[in-house]
Amino acid sequence: MKTRMNDPKIQRDTKPNTRLTALWSAACVLAIGAMAWSTPASARKLYVISSNPTYSSIAKRVGGNLIRVTYITKGDQDPHFVRPKPSFAVQLSKADAFVVTGLDLELWAPRLTDKSMNRSIRQGQNGYIAVYSGMKLMEIPTSRSRASGGVHMFGNPHVYTGPMNAKIIAKNIAIGLCKVSPANCAAFKKGYRRFKYQINRRMFGKKLIKLLGAGTLTRLTVAGKLIPFLQKRKYRGKPMVDMLGGWAKKALPLWGQKLVTYHKNWIYFTKTFGLNVIQEVEPKPAIPPSPQSIRRLINTMSRQKIKVILAANFYDESKVRKVCKRVGAQSVIVAFSVHGKRGINSYFQLTNHWISNLLAAYRRAGAFK
Amino acid sequence: MMGGLFADISPWRLMALPFIECLVLVGIHSYLGLHVIRRQVIFVDLSLAQIAALGTTIGFLLGIHPHGMGAFLFSLSFTFLGAAVFAITRTRKARVPQEAIIGLVYAMAAALMILVIDRAPHGAEHIKEVLTGSILWVKGSEVLSATVAYAIIGVFHFVFRKRFMAITDDPEGAREQGVNVVLWDLIFYMTFGFVITFSVNTAGVLLVFVFLVVPAVIGTAITDNFKHQLLIGWAMGTVVSGLGLVASYVLDLPAGPAVVSFYGLVLLLVALTLYVVRSPSWLRALGHVGMGCLVLVLLVGYFNVLRALINAVPGWKRGEHHATQAHAPGHARKRTAVGRLDDLDLEAKEKAVKKMKDLAQLKRFFAKAETPGAKLNLAERVAQINSREGAKLLVTVLVSEAPIFFRNTALERLAKICRRPFAVDLMEDDEAKISKVITEVKGCVHTLVARPAPAAATPPRPKPVPAAAASTPPG
Chain A
698 MKTRMNDPKI QRDTKPNTRL TALWSAACVL AIGAMAWSTP ASARKLYVIS
748 SNPTYSSIAK RVGGNLIRVT YITKGDQDPH FVRPKPSFAV QLSKADAFVV
798 TGLDLELWAP RLTDKSMNRS IRQGQNGYIA VYSGMKLMEI PTSRSRASGG
848 VHMFGNPHVY TGPMNAKIIA KNIAIGLCKV SPANCAAFKK GYRRFKYQIN
898 RRMFGKKLIK LLGAGTLTRL TVAGKLIPFL QKRKYRGKPM VDMLGGWAKK
948 ALPLWGQKLV TYHKNWIYFT KTFGLNVIQE VEPKPAIPPS PQSIRRLINT
998 MSRQKIKVIL AANFYDESKV RKVCKRVGAQ SVIVAFSVHG KRGINSYFQL
1048 TNHWISNLLA AYRRAGAFK
Chain B
162 MMGGLFADIS PWRLMALPFI ECLVLVGIHS YLGLHVIRRQ VIFVDLSLAQ
212 IAALGTTIGF LLGIHPHGMG AFLFSLSFTF LGAAVFAITR TRKARVPQEA
262 IIGLVYAMAA ALMILVIDRA PHGAEHIKEV LTGSILWVKG SEVLSATVAY
312 AIIGVFHFVF RKRFMAITDD PEGAREQGVN VVLWDLIFYM TFGFVITFSV
362 NTAGVLLVFV FLVVPAVIGT AITDNFKHQL LIGWAMGTVV SGLGLVASYV
412 LDLPAGPAVV SFYGLVLLLV ALTLYVVRSP SWLRALGHVG MGCLVLVLLV
462 GYFNVLRALI NAVPGWKRGE HHATQAHAPG HARKRTAVGR LDDLDLEAKE
512 KAVKKMKDLA QLKRFFAKAE TPGAKLNLAE RVAQINSREG AKLLVTVLVS
562 EAPIFFRNTA LERLAKICRR PFAVDLMEDD EAKISKVITE VKGCVHTLVA
612 RPAPAAATPP RPKPVPAAAA STPPG
């Protein structure tokens, strides 16, 4: 260091420095210009942002052309987390409504809304739409210790995997949009009713709805008793299960089948279609499997002859496939949300995607012989 | 109603706090970085930051919120332990370079953290957050407390600046003058660790390292005067973090890593400029730089070709997904709307209805019942107790708007009470036939009610139908 001090060459550095500064200031001006220019103009349509694309797609069904929708977490990302990007706060600052689960699924949401400084979408304000309200939540924990992993304190928040919950989501969105824009309330209600009817029809088929009514069918489904009920009861001498249509008919072979899921995020789906979740790949929610837990899982699977592991496509596929290979089971890696995979652009396609993939897996595993 | 429009957020408001936080960080870190570079313990920062993160992580596992005071105390305590290690290991007769020990401490802390975090939910993402930080989300109060903390450390260092310079530049000389070098080293590392703990919490390990090293490196590369180095470092840090944040905003990139990459870029540019400026022949130096650029272009081309090749060969392409994230506890919210839907166990309700005996109560329930299943259940129960009363209720179900199954079940039940078949398919048959049958049923019930007979005996009460056939969907 001391020798360098005496080096005459080092004293020559003043001129280039001014040149450098000029260069930097030019770059600075350019960048700031770009920033001001990139701020988009606001549109007249209601701007609805949701935490994930599934809510967005339902909101679009409810709001139609009156709203513009966008979402924060991508379809193939874990809904638990969002990577901090400035654009999210900017988007939210312009939002008229923010659609979230309302439980502790999106822990990032409050910080993001704070950052956006948009008061109208804070919790409790008109623009804050929590879709869970009015649902029968499952797995409400009795203890709140973190020792048992990433437990959701209010119950399982992965609500939209159950088609019956999708109707409640649409209802809550319609109610929320009505608060934000009372003038268009009739249109939102109409959109909600249309979506509800579509879900009912696709779930049960027209004939069964006429026979039993959507209300009864929904209650039976939420209680996980749809198929036993239809098998037991008769209409004019014929078991009503013969009159099934829609997803319920398509998924009928799945009723009572055993499976393992990666995370506890399918509970509403499995209850709806009578699938029997024996275990999760994760030893505790949100804790990646350890060698010990994998060994236990493999033992359970071969003992109970479980043929299918269901996982969302943002989890570690290699682990799932490894376990499947060991016990000769099928892995079903599916999109967990709308836009989670190419070609899945609506809630209906998403549910179809889940059912079809599971059916194919059980068929491959020879479960339907 | 259009609240979003009025609350529109300008880029300035969004990026102002992160920028101020950057300025605050640059202020103290450029200074400490100069010390670190002179001491030639570059990685001491990474190491201390990792120890701080280990402390936070262990706290996290013990149930302490990762962004609170508790977590800070945890990581601070760990950092002080690290400071003690570094102060003691700066020996005079260094057979093992201190950098080796620093590197080891880093690796150990990182490994331990991974071991610990493996037990915690969304651990991988917690590690990622520790690395990249969340400077975009920094709060005003956090900036304020950091400013105060750094100011205290800054004043302390200013007061004892000569002593700190002495032990940094010439520890031997200081020792000869009777300074307790180990003690002052410990004090240096403790203040250093204090700053690191503070900054890692908001800025993340990577950003802190860059704030520490890059301005100091640029300053040292340009001049040997400590004061000038510090001024250059501050100026550089301000400009570069500002530009990094602008880039983060314009290109929509995560803020922390964007600033880090920008620092790297600037360092490269400065190094190249200095190389050209200082070389005896400008032209030759420029030629070298040009060649470097050419190599860079070739490398990019090479990787593109490689990618195309991998995509072309089947079986080489395989992706894996990773995305789980930090899952902080807290944000307790009351469950209110959940209680609204009762825990409806269909069979339990049916059983409860079957046990009821009070006719008046059953009728009251029937009037109040909201679902067709409940109405049918109650009507059937009434019919079991008193077939005439039951028949009246069953007729209400039959003529109601209820879904066909319930009306049909009521019809089948009425057929048993009237002891005659009503052959009609409510689903398929036309309106005329259905209304004809309904008139028939009404007639039967009318005569039934008109007949003066003891309720329970005549007409003979239908046998309690086997559960499977008689039990109806509840509601």
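Top line first, the protein sequences correspond to chains A and B.
All letters in the first sequence, in the order written, are residues 698 to 1066 by our numbering.
All letters in the second sequence, in the order written, are residues 162 to 636 by our numbering.
By construction, the Cβ of each residue, glycine as well, lies at the ideal position given by its N, Cα and C atoms.
Per DSSP, cross-strand counterpart(s) of residue i
i	result
A:N973	A:K955
A:R765	A:Y744
A:F795	A:I746 and A:Y825
A:Y932	A:K935
A:I1041	A:I1041 pairs with nothing; no bridge assigned.
A:I984	A:K981
A:S1028	A:I1006
CB contact flag (residue i, residue j, <7 Å)
i	j	result
A:A1008	A:I1030	yes
B:G425	B:G294	no
B:G405	B:F423	yes
B:A307	B:V185	yes
A:A756	A:I924	no
B:G534	B:V543	no
B:A571	B:L555	yes
B:L460	B:I357	no
B:Y350	B:A248	yes
B:R200	B:T329	yes
A:L908	B:P564	yes
A:V787	A:I764	no
A:G902	A:G934	no
A:Y932	B:F566	yes
Burial state of residue i, where buried means 16 or more other Cβ atoms lie within 10 Å
i	result
A:I964	buried
A:L944	Reading the sequence as shown, one finds Trp at residue 944 of chain A and not Leu. Buried, by the Cβ-count rule.
B:V610	exposed
A:A883	exposed
B:L457	exposed
A:Q954	buried
B:W173	exposed
A:M861	buried
B:D586	exposed
A:N996	exposed
B:W298	buried
For residue j and residue i, the rounded distance between their alpha carbons
i	j	result
B:G264	B:V375	19 Å
B:A419	B:G380	22 Å
B:I595	B:L537	19 Å
A:K1022	A:E979	17 Å
A:H960	B:L237	35 Å
A:G859	A:F966	5 Å
A:V938	A:L949	9 Å
B:A177	B:I383	30 Å
B:T557	A:S830	34 Å
A:K1004	A:P854	27 Å
A:W952	A:K922	11 Å
B:R496	A:S754	Caution is warranted here: a pLDDT of 32 is assigned to B:R496, below 50, making its placement in the model unreliable, and the coordinate value is therefore given only provisionally. Distance between the alpha carbons of B:R496 and A:S754: 26 Å.
B:G224	A:N1049	41 Å
B:C579	A:R890	41 Å
B:T434	B:C454	14 Å
B:L207	A:K1002	49 Å
B:L373	B:G365	12 Å
A:K886	B:H190	57 Å
B:K388	B:S302	31 Å
A:K742	A:P982	40 Å
B:L234	A:M850	27 Å
B:A528	B:R549	17 Å
A:S747	A:V766	8 Å
A:V957	A:M998	8 Å
Check: Do the region 204-216 of chain B and the region 393-404 of chain B meet, that is, are 3 or more Cβ pairs less than 8 Å apart?
Finding: Contact fails: fewer than three Cβ-Cβ distances are below 8 Å.
Check: Between the region 792-800 of chain A and the region 872-886 of chain A, are three or more C-beta pairs nearer than 8 Å?
Finding: Touching, yes, given that three or more Cβ pairs across the two stretches are closer than 8 Å.
Margin query: Tell me whether the region 314-333 of chain B and the region 342-358 of chain B touch, counting them as touching only if at least three CB pairs, one residue from each stretch, are closer than 8 Å.
Written below: Counting Cβ pairs under 8 Å, three or more are found: they touch.
Note to self: With a threshold of 8 Å, are at least 3 pairs of Cβ atoms found where one atom belongs to the region 768-783 of chain A and the other to the region 800-813 of chain A?
What the structure shows: Yes: at least three Cβ pairs fall under 8 Å.
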